[in-house]
Structures are given as C-alpha cells and as structure tokens.
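Heads up: the protein sequence lines correspond to chains U and A, in order. Be aware that the first sequence starts at 570, since it is given in our numbering, and climbs by one per residue. Be aware that the second sequence starts at 34, since it is given in our numbering, and climbs by one per residue. Below is one structure, written out as structure tokens, with a few remarks after it.
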Amino acid sequence: METFTHSEKLMGNMFTFSMVTASEAAFKELVAAAVAEVKRIEKILTTYSETSETAQINAQAGIAAVCVSDETFDLIQRSLFLSEITQGAFDITYGGIDKSLWNFDRTMTSLPSPEKALQSVHLVNYKNVILNESEKTVFLKEKGMRLGFGGIGKGFAAEKVKLVLQKAGVTDGIVNASGDLCAWGTQPNGNPWTVGIAHPDLRDAPFSYLSISNRAIATSGTYEKFITINGKRYSHTINPKTGLPVQGIKSVTIIAPNAELADALATPVSVMGIKSGLYLIEQIPEVHAIVIDDQNNLFKTSQIQLK
Amino acid sequence: MKKIVISGLALLAFFKIQAQTPKDSTGYKPTKLKIEEVNLVSSYYRQNGDNASVTGGIGSQKLTDIANVIDVTLVKYGKTGKKHTLDVEIGVDHYTSASSDRVDLQANTSASSSDIRVYPSLLYTAEQIDKGRSFAIGVGSSTEYDYQSFNGTAAFIQKTKDRNGEFTARFQAFLDQVKIIKPIELRQGQDDGGTEARNTFAGSLSYAQAINKNLQVSLTADYVQQTGYLSLPFHRVYLNDGTVSQENLPDTRTKIPIGGRLSYFLGDHLIVRAFYRFYTDDWDMQSHTAELELPVKITPFFSLTPFYRYYDQTRIKYFKAYGEHTAAEQYRTSNYDLSPFHSNFYGIGVRMAPENGLFGNPHWAMLEFRVGHYDRSTDLNANIASVNLKYKV
Chain U
570 METFTHSEKL
580 MGNMFTFSMV
590 TASEAAFKEL
600 VAAAVAEVKR
610 IEKILTTYSE
620 TSETAQINAQ
630 AGIAAVCVSD
640 ETFDLIQRSL
650 FLSEITQGAF
660 DITYGGIDKS
670 LWNFDRTMTS
680 LPSPEKALQS
690 VHLVNYKNVI
700 LNESEKTVFL
710 KEKGMRLGFG
720 GIGKGFAAEK
730 VKLVLQKAGV
740 TDGIVNASGD
750 LCAWGTQPNG
760 NPWTVGIAHP
770 DLRDAPFSYL
780 SISNRAIATS
790 GTYEKFITIN
800 GKRYSHTINP
810 KTGLPVQGIK
820 SVTIIAPNAE
830 LADALATPVS
840 VMGIKSGLYL
850 IEQIPEVHAI
860 VIDDQNNLFK
870 TSQIQLK
Chain A
34 MKKIVISGLA
44 LLAFFKIQAQ
54 TPKDSTGYKP
64 TKLKIEEVNL
74 VSSYYRQNGD
84 NASVTGGIGS
94 QKLTDIANVI
104 DVTLVKYGKT
114 GKKHTLDVEI
124 GVDHYTSASS
134 DRVDLQANTS
144 ASSSDIRVYP
154 SLLYTAEQID
164 KGRSFAIGVG
174 SSTEYDYQSF
184 NGTAAFIQKT
194 KDRNGEFTAR
204 FQAFLDQVKI
214 IKPIELRQGQ
224 DDGGTEARNT
234 FAGSLSYAQA
244 INKNLQVSLT
254 ADYVQQTGYL
264 SLPFHRVYLN
274 DGTVSQENLP
284 DTRTKIPIGG
294 RLSYFLGDHL
304 IVRAFYRFYT
314 DDWDMQSHTA
324 ELELPVKITP
334 FFSLTPFYRY
344 YDQTRIKYFK
354 AYGEHTAAEQ
364 YRTSNYDLSP
374 FHSNFYGIGV
384 RMAPENGLFG
394 NPHWAMLEFR
404 VGHYDRSTDL
414 NANIASVNLK
424 YKV
C-alpha cells in the first residue's frame, strides 16, 4: 500500500487528495470520484450560477420561500445553529454585506464611520433566514439578503468527499481544501498523519506540526488579505455586528472531528476575539483552537499541549 | 507514543505563549453554551456520518474528560523569521588496501594498509525562508593515523524567485597537520619527523536548476589554493644513480575543478545520477571524472545505490618512474598517485532512514554504508567500505 496525492483547482480553491491505495490506477479512479463530488457540491453552493440552489434562494429574497434538497436544507440548518452558538459571529447571510465600502488591495487610508459601517451590514442577520422543516423550504425575509457559504463550504466539501471515499473503501486518506482538511486512518506505516499549521507571517512555512487521525483542521488567517490603516492591521473579515474589519488576530486554527465544523468555527473565533472565542471553543467537546494575535502571542484551548 | 521530532535545534522561540487572554472589544462576550447546544454539537457530527468521534449521550460535565489531549509541535524561528538548524554528524571510514604504501619494509601490516578515519562535523544554518536565503557556518575535523585536519566552512545560498534555481557561494579552509614519517632507512636515530602544516583554501561557486519535475542539473566551479608541506614524507624516490631520497614537491599548488551534475527521476523508485568533472592544476595535471549512480528506492526508508566511476589523469610535471629522477632535480616524486593512469571504481551503497529513527531512536536518523572495488591501471586494487551514521538533535 502506498500514499498517492493529487491536486486540482476546484471551487476556486486548490484541493489536494491523498489516499493510501494499492495502485496508482485505483487511486486515479478514486480521484475522479472525489473531483465529481466537489463539482456536484459546487453546483449547489455557487452564487455565480443562476441555477444553483443558493442562487435561487437569493433571487427569491423578500419574495418567496424556495424548496431545496435535504442536503442543502441540513447545511443551512447547521449553519444557523452555528450562528446561534457564536452570537452571530458566524453568519451565512454575510453575503448581503455592502462591499462598496471595502477594497482590500491595501490602498485604503481610513475606515468608514461607525454609522456607515453599521448600515453596510444591515442585511446581515441569520435570524431572517426562515426554514420550514416539513416543506424543506428556505426563505430570506429581506429583499437584498444573500446567502453565501464561503465560511463553511470548503469544510463541507472536504467532509463530503471523505464520505464518498470512505464508502468506496478508502480507509486512510486526507482531503485538503486549501487548508481546510480532514484526515482519516493512518499512513501506510501505521503512524498517524502529520499536518503542519501555516506560519502567519511565512506563507509556505509551517509554524507547528501535529499528528492527527480521524480529525479535521482549519486555519483562517490574514496572511495576504489585510489592510493597514494608521499602522493598525485590519483583516478582510468584517464583524457582522459592527460592519468594521476584524483586528488584532493574525491566525486561528481549529482542530475538530469534522472539517465542516473546523472551517465554520475558525473565522468566528477571530471575529469574537480571543477571550470570547476561546471560551466558546473550550466548551465544545473534541474541538480545540490555537490563536495567534498581531504581536505573535499564542493562545490556545486547554487540551492543546505545546511541545 | 513518540511524537514527531522536528529536525534541527531550537535556538530562539518565535511565539510568546500566553496563558491569560486579553479582554475583547468586539461586541461579543464569553458566553456559556446551554447543555442542549453542546449536545447539538455532538449530534452535528452524526449528521455527517462521522460516528467514530462521537461518544454519544454526554453531558457538559463529562465533555472535557473525554477530549483527547492534542500534541502540537512548534517549529522555532528567530524573531526575523529565520529558521535555525544545527546538524551534528559523525562519520567513520574503514579501508583496506592490497598495495597501500608500505612504510616499514619488514612489516606485513603497516599502519596505513588498513586504516580508520573518524570525522565529526557541526553545521549551523540560518534560513530566511520568505527570502529563500540561507547562511551556514560549520566546523569539522578528521583524524587518521598520520593526519589531523580541522576545517571551517561558510556558505551563502540564494534561491531564485521561482525557487527552482539555487546559487551557492562557499568558502572552505582546511588546516592540516601531516605527521612526518620518513621511510625507515632515511630515519636518523630516534627521529620521529615531527609534523608539518598544510593549508587549503577553497572558494566555490555553484548553480543548481530544476529544469522540470524530473530533471535537475547543477554546475560547480572551484578555485583551490594549497600551501605548506604538499609531499608525502614516507614516499621514497629512487634516483638513477641507485640512491634513495624522499619525495620533494613545491609548497604551493593551485587547482581548478569544474563539474556538472545531472539527476533524472524515473518514476518514484529510480533516480539516474550522472556526474562529470574536468580538473587542471599548475603542476600540469589534467583529469576527467565520470560517474553514474542508480539509486533504487525499495521502500521510502530503504534504498540501494549501485555506482560506477571512471577516472583518467595525466602526470604532474615532477613525476618520473622508479630510477629515472636525477639528483639535480629539485622536485621529484615517483608516487603513482601523480603518474598518468586511469581507474575504475564500482560498488553498491545501502541507505536506511526509518521514519522513527534507527533502532526506534529518533535521534539516529540515517545509516549508510558503501562497499566498492577500486582498480587502477598502475596495479593498485582496493576494497573500500564506508559507514555514515547521522545523528539529529
């Protein structure tokens, strides 16, 4: 048995599939199945195509409820639950933000006024997503609201691909969706997989390693997308409560049993702040976090042991 | 269970690890989750079919107890984003030679017909990863029966922007002491000959380029300046008048080797390595070396490397054969290492580098041994075995 790896750009991100299989031919077949699964998910989640379920929900915002597949309905339901436990820091209606205020190409010289900023997020509110469980319909209450799965889609896809591969008999592998990854089983030599966490200042270099099996990791960081105004570094992530960019945190890594959960929790921790964010993660079983702030201070939840 | 050990020695910690969390000014407050919320999180996993990680039916009290501790190994960088590594290596060579230099005519086994060489080394590297730049300094020594050598190295390495090319400038100095062992009939009384200094300074420029995924090439040009005692003291020279004298050679020598290397990766298991070098010096020697190596990876941790080397050289201008030198010549040698010859060297190398270290010890990273047969046109045959063991801190 041997580990084979294949990378491909899918859903606008680099996906890397690693699997332990008996032959390269078998691996190639499995890759085809994995790629097909990501493309299927992209068709549901994309806002670029008018025919996707997501686009249909957005098009009917303020007008009518849209009937969707169980899969999409469940994903939205889980997302709303995550909004609830993160006090709205995670919000799939984030797509409704007025983007005209922001230009993250580092040429901005001042922040918008708090009033203007607040106005820009007035359409962002997960409580205005109305689900009807028996009809499996989704309704966005306000006209102009937009669902977007940028904060959960990569992890969702990684998890779905893992399930497809597991059903096809792959007992050991890693699906890495641009840093949101899940690993199951072990390496061919029986050791757990070794995963690096990217250094917040050095794009290609890891700052730490850990061994994982049957776990997922996601890292959200301000590596490239940030602006500096009056010497302060602001992330491209907007706090949905204030409409202002998040500040003070360079990188959040979440370790969880599930890639979707890891992906979805990484950004809200940076939005909520170190104390509130880590307090939240600490309470969730089997979920752990490492946070690095702008001064390169490292914070972590209690079950993480640094070596 | 042993955790991952990072290669290299941590010199500076980059991150300050904080136990206290600061107050947030984000509009969010540390909030206790309701028990049903926590339970929903565990059912969340089940929805995705990930049952392995769910223990099920857990209350908030037990939650932290079942959570596994996660070990995270930090890689240490300097404050400026530099990566520091320190490698320590100890090498031991053992060789036997069928016609090695006989110093004592009566002896059956002379000191150098079977010899052990020990060479520890220490190399410190500072790597500025974002700029693709490294700087290294190192020291080493090598001890043989009649030879003591200390060396220092300084190197500067710069990668090209696309990281496919790498330029290296290296300067090395070898400060050697040669034990003066005269041929027995030239010794006077208790004359032990003492030692003489030999210094070598070498500057080297090289450029390596990855042409594509499978092909890598490199070019190297050196300039080597040697001064001091460059003869071997125990070499006899028989003159045309029948008398015996010692080898005598000038005390400076300038050498210029220029070489090229090619590696071609044929799939995951076979590499073709080819090497050619042209050499010239101011003692009028020219030589050509061509070498082919075929490393075969049997498993990721075990490989076999058959190799073959052809070598051809011209004589130095001070060489004459047995009984041909005259007493009037200032410089003279009959050392067949400096005569015209060609040689063949072939053998096989074995390399073991288990992931968890040799004998389960992660510090012993690699064991390599090589056996070979050397055959020279001037009637010299040798069997050579060498062992290399790598220790990582």
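Just so you know, even glycine gets a beta-carbon here, dropped at the ideal spot from N, CA and C.
* Asked: Grouping DSSP H, G and I as helix and E and B as strand, with all else coil, what is A/Ala188?
  -> Position 155 of the second sequence, counting from 1, holds the residue named residue 188 of chain A. Strand, per DSSP.
* Three-state secondary structure assigned by DSSP to A/Pro387 -> Residue mapping note: residue 387 of chain A aligns to position 354 of the second sequence, counting from 1. Coil, per DSSP.
* Asked: Is A/Phe374 helix, strand or coil when you go by DSSP?
  -> Locating residue 374 of chain A in the second sequence gives position 341, where the first residue counts as 1. In this structure, A/Phe374 counts as strand in the three-state DSSP scheme.
* Please state if the CB of U/Ala831 and the CB of U/Gly724 are separated by a distance shorter than 7 angstroms. => As a working note, residue 724 of chain U is residue 155 in the first sequence. As a working note, residue 831 of chain U is residue 262 in the first sequence. Cβ atoms of U/Gly724 and U/Ala831: closer than 7 angstroms.
* **Three-state class that DSSP yields for U/Val730 in the structure shown** => Counted from its first residue, the first sequence places residue 730 of chain U at position 161. Looking at U/Val730 - three-state DSSP - the assignment turns out to be helix.
* Asked: At a CB-CB cut-off below 8 angstroms, which residues of chain U make contact with A/Glu388?
  -> What you label residue 388 of chain A is simply residue 355 of the second sequence in a count that begins at 1. Within chain U, the residues near A/Glu388 are Asn758, Asn760.
* Asked: Straight-line CA distance for A/His321 to U/Gln735?
  -> Position 288 of the second sequence holds residue 321 of chain A. Position 166 of the first sequence holds residue 735 of chain U. Those two C-alpha atoms are separated by around 57 angstroms.
* **Beta carbon proximity, U/Met583 to chain A, threshold 7 angstroms** => Here residue 583 of chain U is taken as the residue at index 14 of the first sequence, counted from 1. No, its Cβ sits nowhere closer than 7 angstroms to a Cβ of chain A.
* Asked: For the alpha helix (DSSP H) that contains U/Ser648, what are its first and last residues?
  -> On the first sequence, position 79 is the one that residue 648 of chain U refers to. 639-654 is the extent of the alpha helix (DSSP H) around U/Ser648.
* Asked: When Cβ atoms are compared, which residues of the region 815-847 of chain U fall closer than 7 angstroms to chain A?
  -> Ile824, Pro826, Asn827, Glu829, Leu830, Val840, Met841, Gly842, Ile843, Lys844, Ser845, Leu847
* Asked: Along chain A, in chain order, which residues have C-beta atoms closer than 7 angstroms to that of U/Phe868?
  -> Indexing the first sequence from 1 puts residue 868 of chain U at position 299. Within 7 angstroms Cβ-Cβ: Gln51, Thr54.
* **Status (buried if at least 16 other CB within 10 Å, exposed otherwise) for A/Gly227** => Within the second sequence, residue 227 of chain A is the residue found at index 194, counting from 1. When all chains shown are included, A/Gly227 counts as exposed.
* Status (buried if at least 16 other CB within 10 Å, exposed otherwise) for U/Gln656 -> Stepping through the first sequence from its first residue, residue 656 of chain U is reached at position 87. So U/Gln656 ends up on the buried side.
* Could you tell me whether the region 199-212 of chain A touches the region 233-243 of chain A, where touching means 3 or more Cβ pairs closer than 8 angstroms? => yes
* Sufficient close CB pairs (3 or more, under 8 angstroms) joining the region 377-392 of chain A to the region 400-417 of chain A -> yes
* Is U/Val739 helix, strand or coil when you go by DSSP? -> Here residue 739 of chain U is taken as the residue at index 170 of the first sequence, counted from 1. It is coil, neither helix nor strand.
* **Contact belief for A/Phe200 with A/Tyr240 at Cβ below 8 angstroms, rounded distance in angstroms** => Residue numbering aside, residue 200 of chain A sits at position 167 when the second sequence is read from its first letter. Residue numbering aside, residue 240 of chain A sits at position 207 when the second sequence is read from its first letter. Their Cβ separation, rounded to whole angstroms, is 5 angstroms, which keeps A/Phe200 and A/Tyr240 in contact under 8 angstroms.
* Closer than 6 angstroms by C-beta to A/Ile257: which residues in its own chain qualify, once you throw out the five before and the five after it? Chain order, please. => Position 224 of the second sequence, counted from the start, is the residue given in the question as residue 257 of chain A. According to the sequence as given, residue 257 of chain A is Val; it is not Ile. Excluding positions up to five away in sequence, the list reads Ala235, Lys288.
* Asked: How close, in whole Å, do the beta carbons of U/Ala825 and U/Gly790 come, if the pair is a contact with beta carbons under 8 angstroms?
  -> What you label residue 825 of chain U is simply residue 256 of the first sequence in a count that begins at 1. What you label residue 790 of chain U is simply residue 221 of the first sequence in a count that begins at 1. The Cβ separation is near 17 angstroms, so there is no contact.
* Go through its chain and collect everything with a Cβ distance to U/Leu651's Cβ below 6 angstroms, but skip five positions before and after it. => Here residue 651 of chain U is taken as the residue at index 82 of the first sequence, counted from 1. Excluding sequence neighbours, U/Leu651 sits near Phe659, Ala833.
* Measure the beta-carbon distance from U/Asp862 to U/Gly817 and round it to whole angstroms, keeping in mind my assumption that it falls under 8 angstroms. => As a working mapping, residue 862 of chain U is identified with position 293 in the first sequence. As a working mapping, residue 817 of chain U is identified with position 248 in the first sequence. 6 angstroms between Cβ atoms; contact.
* To do: From the DSSP output, read off the bridge partner residues of U/Gln816.
  => Translated into the one-based positions of the first sequence, residue 816 of chain U becomes position 247. DSSP, once it has assigned bridges, lists U/Tyr803 as partnering U/Gln816.
* To do: Tell me A/Trp316's beta-bridge partners as DSSP assigns them.
  => For the purposes of this step, residue 316 of chain A is taken as residue 283 along the second sequence, with counting starting at 1. In the DSSP output, where bridge partners are listed per residue, A/Trp316 has none listed.
* To do: Whole angstroms is fine: what's the gap from A/Ser58's alpha carbon to U/Leu867's?
  => Stepping through the second sequence from its first residue, residue 58 of chain A is reached at position 25. Stepping through the first sequence from its first residue, residue 867 of chain U is reached at position 298. Using only the alpha carbons, I get a separation of about 18 angstroms.
* To do: Can you grab the Cα-Cα spacing for the pair A/Asp498 / A/Gly165, in whole Å?
  => A question about residue 498 of chain A goes unanswered here, because the residues of chain A that appear run from 34 up to 426.
* Would you say A/Tyr407 and A/Ala418 are within 7 angstroms of each other, going by their C-beta atoms? -> The count along the second sequence starts at 1 and reaches residue 407 of chain A at position 374. The count along the second sequence starts at 1 and reaches residue 418 of chain A at position 385. Taking 7 angstroms as the Cβ cut-off, A/Tyr407 and A/Ala418 do not qualify as a contacting pair.
* Asked: Which residues, in chain order, does the region 611-627 of chain U contribute to contact with chain A at a C-beta distance below 7 angstroms?
  -> none
* Candidates U/Lys712, U/Leu599, U/Asn627, U/Leu649: which alpha carbon is nearest U/Thr585's? -> Translated into the one-based positions of the first sequence, residue 585 of chain U becomes position 16. If we check each option's Cα against that of U/Thr585, U/Leu599 comes out closest.
* Going along the chain, which residues of the region 392-426 of chain A sit with their C-beta nearer than 9 angstroms to a C-beta in chain U? -> none
* To do: Name the one or two DSSP bridge partners that A/Tyr343 has.
  => Residue 343 of chain A sits at position 310 when you count from the first residue of the second sequence. Answer is A/Ala323, A/Asn377, bridged to A/Tyr343.
* With burial defined as no fewer than 16 other Cβ atoms inside 10 Å of the residue's Cβ, what is the status of U/Ile666: buried or exposed? -> One-based indexing of the first sequence puts residue 666 of chain U at position 97. Looking at its Cβ environment, which holds 16 or more other Cβ atoms inside 10 Å, U/Ile666 is buried.
* When the Cα atoms are used, what is the spatial distance from U/Ala752 to U/Thr590? -> Position 183 of the first sequence, counting from 1, holds the residue named residue 752 of chain U. Position 21 of the first sequence, counting from 1, holds the residue named residue 590 of chain U. Distance between the alpha carbons of U/Ala752 and U/Thr590 is about 15 angstroms.
* **Cutoff 7 angstroms; reference A/Tyr157; Cβ partners in own chain excluding five residues on either side** => Position 124 of the second sequence holds residue 157 of chain A. Closer than 7 angstroms at the Cβ level, and outside the excluded window around A/Tyr157, lie Leu119, Ala169, Ile170, Gly171.
* Extent of the continuous alpha helix (DSSP H) to which A/Arg409 belongs -> As a working note, residue 409 of chain A is residue 376 in the second sequence. No alpha helix (DSSP H) holds A/Arg409; the beta strand (DSSP E) holding it covers 397-409.
* **Minimum Cβ-Cβ distance from A/Thr332 to chain U less than 7 angstroms** => Against the second sequence, residue 332 of chain A aligns to sequence position 299. Cβ-Cβ to chain U under 7 angstroms: no for A/Thr332.
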